[in-house]
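> Residue numbers (our numbering): 10 to 271.
Ideal Cβ positions, reconstructed from N, Cα and C, are used throughout, including at glycine.
As the structure is a prediction and not an experimental result, all values here were calculated from the model.
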C-alpha cells in the first residue's frame, strides 16, 4: 500500500521523530506541519517523486544532505523553525522556498544557486543586510522580507525583472535604489512601517503597480509622477505626515477608481 500513496498528511500531531521513509517512493506531497521534529532521517532523500515538502512549525535547525538528491522537489516550506543557516545545497529544481520566522541573521550563500526560484520567503528573521546576489533570480515573482532589521536595499534587487510582489513591511528603510525603476512587472509593493520621508520621482515608472502600501512612514509630500500609475488600485497612506492630499490623487480616484486610504 505504501507504493500507491501520493499524498501523506501527518500535520498537527506530536511527532518527534520519523522512522525510515524508503517505502514511500511514490509520494509527491508530504505534510509534516506543526509537529515536534528536531531532525529528519537521511532516508528522506529516497522519496524520489516528492514535489512538495511542508515542514512548517517544527523545531528543525538542519536538513539531511540527502534532500539535495530529490530532483523533483518544487516546494519546500521551512517557516517557523530554528534555522540560523542552510548548510546544504538545495536542489536547483526548487520553485518556492519559505524560510520565514526562523533565526536567520544573514541569507545563506547556499540559496544563490537556486536559479529557478519563483517565490522566496524570508520574513520574520533577524536580517540587517542583503547580499548583492539576491538580485540574480531571473524568474522570481514574490519576495517577502517583512519584519526584519533592514536599513537599506541593494541595487541588484532592481534587476528582478519578473518580480510581481515585494513585501518590505516593518524594517528601517529610508529609501530605495533607483534601479527599482526597472521593476516593470511589480504589482504589489508593501513599504509600510519603515522610515520613508518621501518617495522618488521614478515611482511613476512602475507601470504595472496595482497596490502601494506606505502605512506608518514619515512621508510629508508625494511626487507628481505618482499620477502616472494608471494601473494603481490601492494607495495606503495612513499614519504619515501628509499635510494635504495633492490634486492628482483626486484625478486618479476618478480615472482609475483608485482607493486611497489617508
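Whose C-alpha, out of 46, 61, 159 and 214, is nearest the C-alpha of residue 71?
Counting from one through the chain shown, the residue named residue 71 turns up at place 62. Comparing Cα positions, the closest option is 46.
> Taking the DSSP output, what are the residues bridged to residue 197?
Within the chain shown, the letter at position 188 stands for residue 197. For residue 197, which the question treats as bridged, DSSP gives the partners 174 and 220.
> Check each candidate in 30, 199, 59 and 256 and name the one with the smallest Cα separation from residue 132.
For the purposes of this step, residue 132 is taken as the residue at position 123 of the chain shown. The option with the nearest alpha carbon to residue 132 is 199.
> When we look at the beta-carbon of residue 266 and count the other beta-carbons within 10 Å, is it buried (16 or more) or exposed?
Along the chain shown, read from residue 1 onward, the residue named residue 266 stands at position 257. Exposed is the call here.
> Output the distance between the C-alpha atoms of residue 226 and residue 101, rounded to the nearest integer angstrom.
Reading the chain shown from its first residue, position 217 is the one you call residue 226. Reading the chain shown from its first residue, position 92 is the one you call residue 101. Distance between the alpha carbons of residue 226 and residue 101: 38 Å.
> According to DSSP, is residue 268 part of a helix, a strand, or is it coil?
Looking up residue 268 in the chain shown gives position 259. It is a strand residue.
> Cα separation between residue 69 and residue 90?
As a first step, residue 69 must be located in the chain shown, where it is residue number 60. As a first step, residue 90 must be located in the chain shown, where it is residue number 81. Spanning the two alpha carbons is a distance of roughly 5 Å.
> Give me the residue from 67, 66, 65 and 98 with the minimum Cα distance to residue 76.
Your numbering for residue 76 matches position 67 in the chain shown. The shortest Cα separation from residue 76 among 67, 66, 65 and 98 belongs to 98.
> Verify whether the separation of the beta carbon atoms of residue 243 and residue 268 is less than 8 Å.
Counting from 1 along the chain shown, the entry for residue 243 is found at position 234. Counting from 1 along the chain shown, the entry for residue 268 is found at position 259. Yes, they are a contact pair.
> Our contact map puts residue 255 next to residue 231 with C-beta atoms below 8 Å; I'd like the distance itself, whole angstroms only.
The residue labelled residue 255 in the question sits at position 246 within the chain shown. The residue labelled residue 231 in the question sits at position 222 within the chain shown. About 6 Å separates the two Cβ atoms, so the contact holds.
> In whole angstroms, give me the CA-to-CA distance for residue 154 and residue 87.
Locating residue 154 in the chain shown gives position 145, counting from the first residue. Locating residue 87 in the chain shown gives position 78, counting from the first residue. About 15 Å.
> Alpha carbon to alpha carbon, what distance is there between residue 115 and residue 40?
For the purposes of this step, residue 40 is taken as the residue at position 31 of the chain shown. For the purposes of this step, residue 115 is taken as the residue at position 106 of the chain shown. Computed Cα separation, rounded: 27 Å.
> Figure out for me which residue from 246, 67 and 78 has the closest Cα to the Cα of residue 59.
By one-based count along the chain shown, residue 59 stands at place 50. The shortest C-alpha separation from residue 59 is found at 78.
> Count the other C-beta atoms from every protein chain shown that fall within 10 angstroms of the C-beta of residue 96, then say buried if there are 16 or more, exposed otherwise.
Sequence index remark: in the chain shown, residue 96 carries index 87 (1-based). It counts as exposed.
> What's the C-alpha gap between residue 180 and residue 249?
If you number the chain shown from 1, residue 180 lands on position 171. If you number the chain shown from 1, residue 249 lands on position 240. Cα to Cα, residue 180 sits roughly 16 Å from residue 249.
> What number of angstroms, rounded off, separates the C-alpha of residue 139 from the C-alpha of residue 148?
Taking the first residue of the chain shown as position 1, residue 139 is located at position 130. Taking the first residue of the chain shown as position 1, residue 148 is located at position 139. Taking the straight line joining both Cα atoms gives about 19 Å.
> Which ranges would you report for the beta strand (DSSP E) in the region 81-118 if only whole runs of at least 3 residues count?
List check, beta strand (DSSP E) in window: 84-86 and 105-107.
> Taking the beta strand (DSSP E) that residue 17 belongs to, which residues open and close that run?
As a working note, residue 17 is residue 8 in the chain shown. Counting along the chain, the beta strand (DSSP E) containing residue 17 begins and ends at 16-18.
> Can you give me the C-alpha to C-alpha distance between residue 2 and residue 221, rounded to a whole angstrom?
Since the displayed the chain opens at 10 and closes at 271, residue 2 lies outside it and no answer follows.
> Can you check DSSP and say which residues form a bridge with residue 38?
On the chain shown, position 29 is the one that residue 38 refers to. Residue 38 is bridged to 16 and 61.
> Buried or exposed for residue 166, please, with buried defined as at least 16 other CB atoms from any protein chain shown within 10 angstroms of its CB.
On the chain shown, residue 166 is found 157 positions in, with the first residue counted as 1. With 16 or more other Cβ atoms within 10 Å, it is buried.
> For residue 55 and residue 30, which I take to be in contact (beta-carbon distance under 8 Å), what is that distance rounded to the nearest angstrom?
Counting from 1 along the chain shown, the entry for residue 55 is found at position 46. Counting from 1 along the chain shown, the entry for residue 30 is found at position 21. Yes, they are in contact, since the Cβ atoms of residue 55 and residue 30 sit about 7 Å apart, within 8 Å.
> Here's a check: name, in chain order, each residue in its chain whose Cβ is nearer than 6 Å to the Cβ of residue 119, leaving out the five neighbours to either side.
As a first step, residue 119 must be located in the chain shown, where it is residue number 110. If we look at residue 119 and ignore the five residues flanking it on each side, its Cβ neighbours are 95 and 98.
> State the Cα-Cα distance for the pair residue 158 and residue 121, rounded to the nearest angstrom.
Mapped onto the chain shown, residue 158 falls at position 149. Mapped onto the chain shown, residue 121 falls at position 112. In a straight line, the C-alpha of residue 158 is about 21 Å away from that of residue 121.
> May I ask you to report which of helix, strand or coil DSSP gives residue 120?
In the chain shown, the residue the question calls residue 120 occupies position 111. The answer is helix: DSSP assigns residue 120 an H, G or I state.
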